[in-house]
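Be aware that the sequence shown starts at 34, since it is given in this note's numbering, and climbs by one per residue. Every residue gets a Cβ at the ideal spot worked out from N, C-alpha and C, and that includes glycine. A quick note: this is a predicted structure, and the numbers were derived from the prediction, not measured. Here's the structure we're looking at; comments come further down.
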Amino acid sequence: MLTFKSGLLLQLKIPKQTLIQFMKLIPNLLVLLFITGTTFAQQFSVSGKITSTELAELSYANVRVMNTNLGTAANVEGEYDLKLQAGNYFLIASYIGYYSDTIFVELNRNINGLDFFLQQAKLTLADVVIKPGENPALDIIRKAIEEKKKRNEQLISYEFEAYTKGIVRTEEDFSTKGNSVGLGIGSDDSTELKITGILENKSKGFYKKPDNYKEIIIARKQSANFPPSINTVSGGRVIQNFYDDDVNFFGRDLPGPLSDNALNYYYFYIEQVVLMNDRKVYQIFMAPDNYVDPGFEGSIFITDSTFDLIKVNLRLNRSANTGGIFDTISVIQQFDEYDHIYMPADYRLFLTANFLGLVRVGFELNSILYDYKINPHIPDDQFTKAIVTVLPDADKKDSLYWVSTQSIPNTLEEDSAYERIDSIDRAPVSFWDRFSFLSTRTYLSDSFALNGSLNFYHFNRVEGHSLKLGLYIDDYFKRRLNSSLELSYGFSDKKLKTDFSAEYLLGDYRTYSLTFNAYNKLKILFGTSDAYNDLTATLLALLNKEEFRDYYYSNGLDFEIEGEVFPVLELSAGFINRTDKSAQNNSDFSFFKKDKSYKENPPIYETKINALTAGFKLDFRDYIEDGYFRRRTSFGRSYILFSGDVTYSSKELLSSNLDFITYELRIRSFLRTFRSAYLNMRVYTMYNDGTLPYQNMYALPGNINLVSKNYTFRTLRVNEVFGDRVITVNFEHNFRDELFKMFNIPGL
34 MLTFKSGLLL QLKIPKQTLI QFMKLIPNLL VLLFITGTTF AQQFSVSGKI
84 TSTELAELSY ANVRVMNTNL GTAANVEGEY DLKLQAGNYF LIASYIGYYS
134 DTIFVELNRN INGLDFFLQQ AKLTLADVVI KPGENPALDI IRKAIEEKKK
184 RNEQLISYEF EAYTKGIVRT EEDFSTKGNS VGLGIGSDDS TELKITGILE
234 NKSKGFYKKP DNYKEIIIAR KQSANFPPSI NTVSGGRVIQ NFYDDDVNFF
284 GRDLPGPLSD NALNYYYFYI EQVVLMNDRK VYQIFMAPDN YVDPGFEGSI
334 FITDSTFDLI KVNLRLNRSA NTGGIFDTIS VIQQFDEYDH IYMPADYRLF
384 LTANFLGLVR VGFELNSILY DYKINPHIPD DQFTKAIVTV LPDADKKDSL
434 YWVSTQSIPN TLEEDSAYER IDSIDRAPVS FWDRFSFLST RTYLSDSFAL
484 NGSLNFYHFN RVEGHSLKLG LYIDDYFKRR LNSSLELSYG FSDKKLKTDF
534 SAEYLLGDYR TYSLTFNAYN KLKILFGTSD AYNDLTATLL ALLNKEEFRD
584 YYYSNGLDFE IEGEVFPVLE LSAGFINRTD KSAQNNSDFS FFKKDKSYKE
634 NPPIYETKIN ALTAGFKLDF RDYIEDGYFR RRTSFGRSYI LFSGDVTYSS
684 KELLSSNLDF ITYELRIRSF LRTFRSAYLN MRVYTMYNDG TLPYQNMYAL
734 PGNINLVSKN YTFRTLRVNE VFGDRVITVN FEHNFRDELF KMFNIPGL
């Protein structure tokens, strides 16, 4: 037992006049203290290392404050850092297989080097009794399942705080743009992965039966190569509680070690019996009975007599590793007792992936959960469709805040990675650093770009050889403004085309938008059904003298207002003014097949359209408020989306050349069928009443000879079937590798 005395006492002589002025400021200071709280000012740090008496590092050992719900866990090197307010505490360090170590601390200053030395607990053979008959592990699991049910009955609601650190490892440093990440191709499998990205956040979580969950990210920071919006991987959001019947990984529910059918799904056996203090703990190995069934394999730790699950050290088996993308996926989770109920104390996720042998990536997630409040009253309005919300000032927390908040200490490798990544980010970036011949855009800065080399030239039989210059603005003005201006000139039709668009997003989470488009350009006939890009069309024309597209000229403008009126409903309204004219062949150029001629470009219904538009989107999925946007997510589970549009054109009311009204409805669904297999469904319906221009009709999505696209009719050519009253249904079932596993094909 160690006792730390009080800190230094300083005596200051203050002039009387200065003291009087200070007394006048006290009311203002009290207000300031009330706003900021005294916790920050009175909070101190206790840090050190947890090892065995033989000085072996005890990775992820737990530290608890006696008679409280406060605590933390060590990092992989056994280092811990605990933040507490001033006071007297008993700190307890524990680790399975060792006796706990308790230290008394009188805390009135920061304390470094407070190390724990845990003595290994040895179990004699006389303490282990093996009886003949049924596998003894099965009886332990059976009793643990009953204990789990009692626990779940007692647990009505809870709150907790969490700190999460995510680490990305790659062979080479990478860059990000928006929410996307660009990785380079590695060299070989022997190359060591290094830390190339770090995410940290502090959050507070809430749960209430039956399935209400909410997490608020209070603060976050990340290495310079990550945008803040990526940093929503919080401990409460990602953590999987192995007390649950089903544990979800990558959208698939896998039976947990204490699920009701665990005894029928897994086989168990006792690996060894260890001690935690003087209490016996069963270390039990588990794996699916049938190796083709997806699930977990590894060790779980269950206490004797009370049969509480206190730790898991598991990995996903090969059948759960869909597609074989991941080399390894392993999880370590520990549980501790809070108000007589065992709750997750930490969560460690480790995975490595190898994409086609070209890119290797590693990811580590380390979370600590603490300060539980068991069965508090939580109002129902605490839970909304926003399952994760990032507070507006989460990105504004300074270094003083992070010094005072509970965290997992950085290792030397992590500190070094922070410095290296920040130095790379500060280095000047030239035009050629951003340029790529294989890109459709070349960024001049984070928000401004030009069209790239793949998007600079195109060819078709109407324009002939054509050059394009594009200027783009992305995520400008606090990620609210997106705009583009494209200028294109065809050397055969001798026309300059222009296309301008602008979008401005409103609201705290950009849930409202104003969109404006003005154009005088060449459009693709039935372009909404065309899934191919300009490069494909250009190469087919130049090399094979084949044009699968048809074109027409369009000159006009449109604008739209769209907004989220309810958490599940978006509405929109807009106006269209457009004049369409026919286009004709102006070039017969091709590198080959000089004796062949292009097909004639068909004429359209030349007219002027003035129309009002209205639409809706219905989406019942939950969302994540990442500090900028609301991003919908289903966590890999089934969902269905609805959207629809109405276009109204009137000669009398809108001075349009035609009278018609068009209704469109779209349904998109993702349905889990069995195991990792899933079904995608697309439904499109269109009904028109009145005279609809030919170019406004809908063509069934077809294909060219060389390449087919998803959600198309494989035997139809492009623009082969079209009309103004349409119903299409597309199904695509992805079996992944489940059929091979079901038939027990060796090697899979």
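Just curious, the alpha helix (DSSP H) that residue i is in, first and last residue?
{"i": "residue 775", "result": "771-775"}
{"i": "residue 459", "result": "445-459"}
{"i": "residue 464", "result": "464-467"}
{"i": "residue 179", "result": "169-187"}
{"i": "residue 567", "result": "567-577"}
Got a sec, what are the start and stop residues for the beta strand (DSSP E) residue i sits in?
{"i": "residue 201", "result": "190-203"}
{"i": "residue 253", "result": "245-255"}
{"i": "residue 641", "result": "640-652"}
{"i": "residue 259", "result": "Looking at the DSSP string, residue 259 is not in any beta strand (DSSP E), and its letter there is neither H nor E."}
{"i": "residue 121", "result": "120-127"}
{"i": "residue 95", "result": "95-98"}
{"i": "residue 401", "result": "392-407"}
{"i": "residue 552", "result": "545-557"}
{"i": "residue 150", "result": "149-151"}
{"i": "residue 281", "result": "279-282"}
{"i": "residue 594", "result": "584-599"}
{"i": "residue 101", "result": "First-last for residue 101: undefined, no H or E at that position."}
DSSP on residue i, reduced to helix/strand/coil?
{"i": "residue 240", "result": "strand"}
{"i": "residue 434", "result": "helix"}
{"i": "residue 83", "result": "strand"}
{"i": "residue 610", "result": "strand"}
{"i": "residue 377", "result": "strand"}
{"i": "residue 288", "result": "strand"}
{"i": "residue 72", "result": "Annotation note: pLDDT 39 at residue 72 (below 50); position unreliable, no value reported."}
{"i": "residue 429", "result": "helix"}
{"i": "residue 488", "result": "helix"}
{"i": "residue 134", "result": "strand"}
{"i": "residue 441", "result": "coil"}
{"i": "residue 617", "result": "coil"}
{"i": "residue 660", "result": "coil"}
{"i": "residue 475", "result": "strand"}
{"i": "residue 267", "result": "coil"}
{"i": "residue 386", "result": "strand"}
{"i": "residue 605", "result": "strand"}
{"i": "residue 43", "result": "Only weak support is given to the placement of residue 43: the predicted model assigns it a pLDDT of 33, under 50, and the value that follows is read from those uncertain coordinates. Residue 43: coil per DSSP, three-state reduction."}
So is residue i buried or exposed if we call it buried at 16+ other beta carbons inside 10 Å?
{"i": "residue 180", "result": "buried"}
{"i": "residue 693", "result": "buried"}
{"i": "residue 775", "result": "exposed"}
{"i": "residue 201", "result": "buried"}
{"i": "residue 301", "result": "buried"}
{"i": "residue 64", "result": "Low per-residue confidence applies at residue 64: pLDDT is 38, beneath 50, and the placement is therefore not dependable, though the value from the model is reported in the following sentence. With fewer than 16 Cβ atoms within 10 Å of its Cβ, residue 64 is classed as exposed."}
{"i": "residue 751", "result": "buried"}
{"i": "residue 449", "result": "exposed"}
{"i": "residue 373", "result": "exposed"}
{"i": "residue 252", "result": "buried"}
{"i": "residue 289", "result": "buried"}
{"i": "residue 183", "result": "exposed"}
{"i": "residue 765", "result": "exposed"}
{"i": "residue 409", "result": "exposed"}
{"i": "residue 481", "result": "exposed"}
{"i": "residue 58", "result": "Annotation note: pLDDT 42 at residue 58 (below 50); position unreliable, no value reported."}
{"i": "residue 772", "result": "exposed"}
{"i": "residue 376", "result": "buried"}
{"i": "residue 93", "result": "buried"}
{"i": "residue 248", "result": "buried"}
{"i": "residue 199", "result": "buried"}
{"i": "residue 146", "result": "exposed"}
{"i": "residue 204", "result": "buried"}
For the putative contact between residue i and residue j, defined by C-beta atoms under 8 Å, what is the C-beta separation to the nearest angstrom?
{"i": "residue 310", "j": "residue 132", "result": "5 Å"}
{"i": "residue 762", "j": "residue 716", "result": "5 Å"}
{"i": "residue 709", "j": "residue 769", "result": "5 Å"}
{"i": "residue 755", "j": "residue 714", "result": "Actually they are not in contact, since the Cβ atoms of residue 755 and residue 714 sit about 22 Å apart, beyond 8 Å."}
{"i": "residue 403", "j": "residue 185", "result": "Not a contact, Cβ separation roughly 21 Å."}
Legend entry - Within the region 673-749, ranges of the beta strand (DSSP E) (whole runs, at least 3 residues): 693-705 and 711-723
Inset, instruction - Taking only runs that begin and end inside the region 498-540, name each unbroken beta strand (DSSP E) of 3 or more residues, in chain order. - result: 514-523 and 528-539
Inset, instruction - Any chance you could list the beta strand (DSSP E) runs of at least 3 consecutive residues sitting entirely within the region 293-370, in chain order? - result: 299-309, 312-321, 329-336 and 342-349
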